[in-house]
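With the numbering used here, letter number 61 in the sequence shown gets 169, and the count goes up by one each step, no holes.
Think of the CB as a built atom: it goes at the ideal place given N, C-alpha and C, for glycine as much as any other residue.
In this text the structure is predicted, and so the values were computed from the model without any measurement.
Reviewing the structure listed below.
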Amino acid sequence: MAFFVFFMRSDHDARNLYFKLEKEEIDDVGEGVEVGKDKLLPRGLFDEKSCLSRFEYLLYRRRGSKRRTPSPHLISKLRSYEGRHKRCAPYTDSYNDLVRNSSKTFSCKYMVWISRNGLGNQMLSMASAFLYALLTDRVLLVDRGVDIPDLFCEPFPEASWLLPSDFPFTSHHFNSRSPQSYGNLLRNRKTNTTASAYMMIYLNLAYGYGNYDNRVFCDGDQAYLQTIPWLVVKSDYYFAPALFLMPSFQQQLHQLFPEKDTVFHFLSRYLFHPTNSVWGLVTRYYQAYLSNADVVTGIQLRIFRIKPRLEQILSCTMRENDILPQIKDKSTSNLKNNTTVAVLITSLSSGYYEKIREMYLENPTAAGEVVGVFQPSHEEFQQTGKHSHNRKALAEIYLLSLTDRLVTSGWSTFGYVAQGIGGLKPWILYKPENPRPPEPPCRRSISMEPCFHAPRSYECNSRRGGVGKDVIRHCEDRRRGLKLVQPHTH
């Protein structure tokens, strides 16, 4: 049975307790960042009480976490986007004219994101779709799915990002067989017709997408796609690395993200703000169990067909790396150490939590640290699309992002999102392929960026050897996957 245990304080008390910050903590929030202010966000256009996480998240960041500063070009691009979104939002004159198809010209173009798969996949693909919208001067509208409005605040000021229920193409079945998918249009040689023939094209970038679908990442195809007012994308991947391989986007991406390993970090901090109901789960749990610890270590364990064994987890965190405090023989004398360590475990199973907790209860630590082990919930199996499950999942993602050190499971989009939001380079547990624990058990990530799990071959006529490859590497946990890295730091 799932559980969420909270030390119940009022939201007001919880916030006051944390915001009694010492001066050095305030100074450490980041260069040029006021307490409760984020350079990524527009000033004075949001009601603080309606979305507390938008203003409070930075204050919960751990003191030792590295602060990254968004580029002036990114900030300017976001402010420009906000103006465009307000002008083109649902039910504006521009939107209504396009929906009615009453004008042969259009002043607004759209990127419509359709939800697919679990919450981690959704957040990765949504951020990728937003990046594409930024690069191509489109407006992002998102499918409500099961619970998007209940999980996330509206990210853009004075206009909604939610796709209206009366969107004219809702009757279409968006899948690999859709006649208006870009891949099928290319396969059937139907893209040579006049641009006005298609008001909407579907970009199939979901699991199993093919080489024709992949042509969206070719420069030669962008000129045609720019003539289409409605692009509808369904994806469960973080496809941002593919955009860095496109010569036409190179200069703009370099200006937006001088540090290439910050792409998802900044996009997620801008786009995703948990609603007050979800943020309350985060802050109450953090205050009750994590806020007073000197060190908070997060361990995110994904259960695949073959479960990771405790031996692999302890080998990674204790024998190979000093992530968790070492234990010693009970008979030896105890050293006095005032350091408190909180270990936050997230997993569908409670077994790992129980064994690690028991280990620290029954054995002293070598350096005398005081260790507490905590697990917010255990659902036993993934319940994709279930509202209560997604609320807990999002809360746990944000709790993991607020740790000092993070261990994640390879291939896990849940872990990717947590590390990206928190700006953390995790230790990645290798996915078990057989009952024997992998050797080595884990590896430190070279980048806090997520992995693009399923890139296709890029056979574009305009492709130049080496373009973008200095910022792209294969993923540690998936050899054929691609991830963004900062050059000369790996």
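Straight-line gap, residue i to residue j (C-alpha atoms, nearest Å)
i: G316; j: N225; result: 13 Å
i: V390; j: D430; result: 27 Å
i: D578; j: P595; result: 6 Å
i: G406; j: H280; result: 42 Å
i: R162; j: P382; result: 8 Å
i: N400; j: W338; result: 50 Å
i: T448; j: Y397; result: 11 Å
i: Y378; j: P178; result: 11 Å
i: L361; j: T335; result: 22 Å
i: N498; j: L160; result: 19 Å
i: P150; j: G589; result: 35 Å
i: G476; j: Y394; result: 24 Å
i: F238; j: Y345; result: 13 Å
i: A242; j: F260; result: Before going further, note that residue 242 is Leu rather than Ala in the sequence given. Approximately 20 Å, taken between the alpha carbons.
i: N542; j: R417; result: 11 Å
i: S158; j: V386; result: 12 Å
i: G189; j: Y332; result: A quick correction: the sequence has Tyr, not Gly, at residue 189. In a straight line, the C-alpha of Y189 is about 22 Å away from that of Y332.
i: G152; j: S423; result: 49 Å
i: L502; j: R297; result: 43 Å
i: L293; j: L532; result: 41 Å
i: N209; j: L452; result: 53 Å
i: M308; j: W519; result: 33 Å
i: F352; j: G318; result: 20 Å
i: Q358; j: Y506; result: 31 Å
i: F619; j: K438; result: Given that the chain is displayed from residue 109 to residue 598, the structure contains no residue 619 and the question cannot be resolved.
i: L182; j: I464; result: 43 Å
i: P545; j: R171; result: 34 Å
i: E164; j: I256; result: 21 Å
i: Y538; j: S565; result: 25 Å
i: A350; j: S553; result: 20 Å
i: Y168; j: R175; result: 13 Å
i: P366; j: E462; result: 43 Å
i: R551; j: A314; result: 28 Å
Exposure of residue i, with buried meaning 16 or more beta-carbon neighbours within 10 Å
i: N312; result: buried
i: D155; result: exposed
i: L469; result: exposed
i: E142; result: Residue placement at E142 cannot be trusted, given a pLDDT of 41 that sits under 50; what the coordinates show is reported in the next sentence. Result: exposed.
i: D146; result: buried
i: D201; result: exposed
i: F100; result: Past the boundaries of the shown model lies residue 100; the chain is included only from 109 to 598, so the question cannot be answered.
i: V137; result: Reliability fails at V137, whose pLDDT of 36 lies under 50, so the model's placement of it is uncertain and no value is given.
i: S184; result: exposed
i: T521; result: buried
i: S509; result: buried
i: P548; result: exposed
i: E466; result: exposed
i: N204; result: exposed
i: G191; result: exposed
i: L419; result: Going by the sequence as given, residue 419 is Glu instead of Leu. With fewer than 16 other Cβ atoms within 10 Å, it is exposed.
i: R513; result: buried
Beta-carbon proximity list for residue i, same chain, < 6 Å, skipping 5 on both sides
i: A474; result: Q434, K436
i: G480; result: A450
i: S455; result: L409
i: S555; result: D369, K591, V593
i: Y524; result: P558
i: L186; result: none
i: G228; result: T521, F522, V525
Cβ-based neighbour list, residue i, same chain, cut-off 7 Å, excluding 5 preceding and 5 following
i: S458; result: Q483, H486
i: M426; result: L432, Q434
i: F282; result: I222, Y310, V340, K342
i: L206; result: F214, C216, P337
i: Y240; result: M219, L351
Residue-chain proximity (residue i, chain C), Cβ-Cβ < 8 Å
i: E266; result: No chain C is present in this structure, which holds just one protein chain.
Cutoff 8 Å; reference residue i; Cβ partners in own chain excluding five residues on either side
i: K415; result: S457, P540
i: R295; result: Y320
i: N445; result: T473, A475, G476, E477, V478
i: S356; result: D327, Q330
With three or more C-beta pairs closer than 8 Å as the rule, is the region 254–271 touching the region 284–301?
Not touching, per the Cβ criterion.
Using a Cβ distance threshold of 8 Å, determine whether the region 204–221 contacts the region 319–332, with at least three qualifying pairs required.
Put simply, the region 204–221 does not touch the region 319–332. Fewer than three CB pairs are less than 8 Å apart.
Could you tell me which uninterrupted alpha helix (DSSP H) segments, each at least 4 residues in length, are contained entirely in the region 203–282, listed from first to last along the chain?
If only uninterrupted alpha helix (DSSP H) runs of at least 4 residues are considered, those enclosed by the region 203–282 are 227–244, 256–259.
Hey, is the region 579–591 in contact with the region 546–562, meaning 3+ C-beta pairs nearer than 8 Å?
yes
Does the region 249–266 come close enough to the region 189–200 to have 3 or more Cβ pairs within less than 8 Å?
yes
Alpha helix (DSSP H) runs contained entirely in the region 358–431, provided each spans 4 or more residues
371–379, 384–393, 418–422
Specify whether the region 371–381 and the region 517–531 touch according to this definition: at least 3 beta carbon pairs, one from each stretch, less than 8 Å apart.
Contact between the region 371–381 and the region 517–531 is present, because at least three Cβ pairs lie under 8 Å.
Any chance you could list the beta strand (DSSP E) runs of at least 3 consecutive residues sitting entirely within the region 458–544, in chain order?
478–482, 513–517, 535–537
Along the chain, which unbroken stretches of the beta strand (DSSP E) at least 3 residues long are found entirely within the region 296–348?
308–313, 338–343
Which parts of the region 151–204 are runs of the alpha helix (DSSP H), unbroken and 4 residues or longer, counting only runs that do not cross its ends?
160–168, 180–196
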